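Residue numbers (this note's numbering): 12 to 922.
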């Protein structure tokens, strides 16, 4: 049993969050049993609230355990254990400090152990001469620290492991203790000293692990330090934000909003890795001018009740480059029951071509504001652009162009019903632009006259030879613009029915910009969706999902169009929401409640894959929708479906957006499932378990290998707090450093364990809001059907389903970023110091000189400890310099690669 004392030197923690979080140390008074059923009296205490079993034992030993529990009783449960002894001459028991309020009682058969206290810290005092071992809890989980007091020798520290298969050191300097195909990871030690006034002093070197030839004993490498001050070697993860999730590669996560309801509906990136997001807000204090933005807002004040918002975040610093409200103040006179002035931004398209006159981000959405200002700036590409005043329509689509640099609006217009008629709706839901500047917009139509559903009023533009939908009026629309942004072509698509499920939800150009793909839903008893099946393509006449392609050079002509999902078209059992081109293949995501799919609708992948399902997992009865997400991969030239799968848990799941970077496609959505969806696939990537989700939902993040690689799933996690989240948008980037951005809405506060993380605690530039200012749920439930997509949750009651969520939830928008790994992080075996790579510090602050072992073309990449690339340079010289002056303090890995692919590596400490 441990002794309880209260007089011992306790060093300050490097991250400053010691004794915080849910991790505590429980004293053992006889309640600990081994797997053999016997009491373990050699255990003095153990950690509670830790991901691994961590036991403080007598005789200067610490044990780590990891258990695999199987639901199938035919498979034996397995517990792995590794012991770590410190030195070999002393047998010290730990003392426990900093008691935690409350006690616990334990009952096992006739045995009762009661009034057992917990503590924050355990100390093996003098475990080695003048050296103490501290184990304690923090908001980042358990930590371990060796405190070398004056006259102590850190060279005497020796960690002796038993029970492992082997030991290894990864490229980030962490010690890995391997047990079959599992491992326990001890983060690289942070070395620092403590001054007499208690302040932390950097030592300028890293305490590297050194494994001896026996592969059982580990020492620390160290350099010069002041022997008159305590030296600390601290091991453990850094401080996490509220919620206690393992943030891993999450670099940034923040609320964005004011005191009214807020929502982000899209996120996209540009060629430099900057992020753009749009949505809408009911707040009059949305952070369009947070105080450290680079440029002032174009429209600084909220004009209406519900206003569009558009923001640009700097990809390197996470600074708000610019942000703006957008919209009008006067609702049209016939807009009952929506009598408030509303403008919403739904989707963005970022121009990434080389034409300097077209460096804009384009937004589309819906407005009911008759004072929405059409505008075209003289002297720009929009000098003669289409513009239309609000001359009719219950609501109108709007499109606008904002300078990427500073957010100045240079073009805006509405489009819709005219002639003073106010009974037809037109909503912009999708937008795309190619590198030639050719813009396309699509969305949904709906109309009622005297409460009777009537064909929508849509102004069709049909040049000679262009597709015209056979004279039918559809519930979806698509229009394209000329290079001068006059309307080239406008048409309806799909069937039109009274519940307005038919809609075009996403658009994407393929690589050449010649072909425009679209997706969405077309439902109805007598469909008028024009199906076009080229030879050898995937073809289906059944299902409510529509997927197709227009040739935008000739016509435009409809070259391909198919249904997907099976079942009768009048039953909207499937809907597609996201579309993306990864450079070779077109990906489509959405949701379906079809109970099973054929191999034609969900082909098996070629090569190894971690995910392929053709049966819906969801089995929710009554309230709540038995729906799974689906993922489809098309070869765009032949229009063949090369891969398809369902993915979901035991309840409703829906996939809403898909993006990509150089190696993977990333998918976002939402889930109400409580099991069957989350899997921790990669110890480097962010992961959290599913929340209980009784009447709530989590956001979802998925990652899959892109291009010709087999569709192996590399990321599969929920995201959010214990209330509700929806991830509307996700975007990767091919710029360096490559990151993945996620955006949506949340009703979870910080205290409801929403995962938050400030990008840089030392910078005043990055945007960080750690309070959900929420709202009053004035718009109804979180992203409810009548506020956004009728078809998404099937919450209209038409299909017999209803939302199980609370009807009033205030929300804030959120945005988060994660490091991207290409393709599997850094190849540990490829890095070597052989060949003479030399990296030396320069006299300047945080800069180094690099000398390569031979002349030729070299690439130099620098990564932080999360694996995120922070710089990339190339040279034909044998020497170069690099600077980390704008980067956060910490350890960075430097990787040099020559033309042959040989990689050399070392690490530097940025003070």
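C-beta: ideal position from N, C-alpha, C; glycine also. All values reported here derive from a predicted model rather than from experimental measurement.
Asked: Where residue 754 and residue 325 are concerned, what is the direct C-alpha to C-alpha distance, given to the nearest angstrom?; Found: 15 angstroms
Asked: Classify residue 17: buried if its beta carbon has 16 or more other beta carbons within 10 angstroms, exposed otherwise.; Found: Confidence at residue 17 is low in this model, with a pLDDT of 45, below 50, so the placement of that residue is unreliable and no value is reported for it.
Asked: Can you check which of these residues, 190, 867, 180, 612, is closest to residue 174 by C-alpha distance?; Found: 190
Asked: Have a look at the DSSP bridge pairing and note the partners of residue 775.; Found: Paired residue(s): none; residue 775 is not in a bridge.
Asked: On the criterion of 16 or more Cβ atoms from any shown chain inside 10 Å, does residue 360 qualify as buried, or is it exposed?; Found: buried
Asked: With respect to 7 angstroms, is the separation between the Cβ of residue 213 and the closest non-hydrogen atom of the ligand MN below this value?; Found: Only the bare structure without any ligand can be found here, which leaves the ligand MN out of the picture.
Asked: If you check the beta carbons only, do residue 385 and residue 399 fall under 8 angstroms apart?; Found: yes
Asked: What is the C-beta distance between residue 861 and residue 890, in whole angstroms, given that I count them as a contact (C-beta under 8 angstroms)?; Found: 7 angstroms
Asked: Quick check on this structure: which residue in 767, 774, 299, 772 has the alpha carbon closest to the alpha carbon of residue 782?; Found: 767
Asked: Residue ranges of each beta strand (DSSP E) run of no fewer than 3 residues wholly in the stretch 703-791, ordered along the chain?; Found: 709-716, 724-730, 736-742, 750-757
Asked: So, at 6 angstroms on beta carbons, what are the nonlocal neighbours of residue 694 in its own chain, with the 5 sequence-adjacent residues on each side left out?; Found: none
Asked: So who's on the other strand from residue 161, going by DSSP bridges?; Found: Residue 161 pairs with nothing; no bridge assigned.
Asked: Give me the DSSP bridge partner(s) of residue 174.; Found: Bridge partners of residue 174: none, in fact.
Asked: Report the option in 221, 770, 274, 303 whose CA atom is closest to the CA atom of residue 318.; Found: 274
Asked: Residue ranges of each beta strand (DSSP E) run of no fewer than 3 residues wholly in the stretch 407-493, ordered along the chain?; Found: 407-414, 420-426, 435-444, 450-460, 487-492
Asked: Taking the straight line between their C-alpha atoms, what separation do you get for residue 664 and residue 638?; Found: 6 angstroms
Asked: Nearest to residue 238 by alpha carbon, out of 740, 205, 588?; Found: 205
Asked: Just how far apart, CA to CA, sit residue 95 and residue 887?; Found: 48 angstroms
Asked: Starting from the C-beta of residue 56, find all residues in its chain whose C-beta is less than 8 angstroms away, skip the five residues before and the five after it, and write them out in chain order.; Found: 13, 36, 37, 38, 39, 66, 67, 105, 107, 130, 133
Asked: Give a yes or no on whether the C-beta atoms belonging to residue 480 and residue 545 are separated by under 8 angstroms.; Found: no
Asked: At what residues does the beta strand (DSSP E) containing residue 55 begin and finish?; Found: 54-59
Asked: Is residue 533 near residue 513, with beta carbons less than 8 angstroms apart?; Found: yes
Asked: May I ask you to report which of helix, strand or coil DSSP gives residue 605?; Found: coil
Asked: Which value, in whole angstroms, describes the spacing of the CA atoms of residue 146 and residue 725?; Found: 33 angstroms
Asked: Any idea what DSSP makes of residue 368, helix, strand or coil?; Found: helix
Asked: With a threshold of 16 other CB atoms inside 10 Å of the CB of residue 216, please say whether the residue is buried or exposed.; Found: exposed
Asked: State the Cα-Cα distance for the pair residue 357 and residue 866, rounded to the nearest angstrom.; Found: 52 angstroms
Asked: Leaving out five residues before and five after residue 594 in sequence, what residues of the same chain have Cβ atoms less than 7 angstroms from its Cβ?; Found: 522, 718
Asked: To the nearest whole angstrom, what separates the beta carbons of residue 98 and residue 71, a pair I think is in contact under 8 angstroms?; Found: 6 angstroms
Asked: Excluding sequence positions up to five away, which residues of its chain have a Cβ less than 7 angstroms from the Cβ of residue 493?; Found: 499
Asked: Please give me, in chain order, every unbroken run of the beta strand (DSSP E) with length at least 3 that falls completely inside the stretch 267-298.; Found: 273-280, 286-292
Asked: Would you mind sorting residue 824 into buried or exposed? The rule is 16 or more other CB atoms within 10 Å of its CB.; Found: buried
Asked: Which same chain residues end up closer than 6 angstroms to residue 425 when comparing Cβ atoms and leaving out the 5 residues on each side of it in sequence?; Found: 383, 399, 401, 407, 409
Asked: For residue 395, does the three-state DSSP call read helix, strand or coil?; Found: coil
Asked: Give me the Cα-Cα distance between residue 19 and residue 209, rounded to the nearest whole angstrom.; Found: 15 angstroms
Asked: If you reduce the DSSP assignment to three classes, tell me which class residue 675 lands in.; Found: strand
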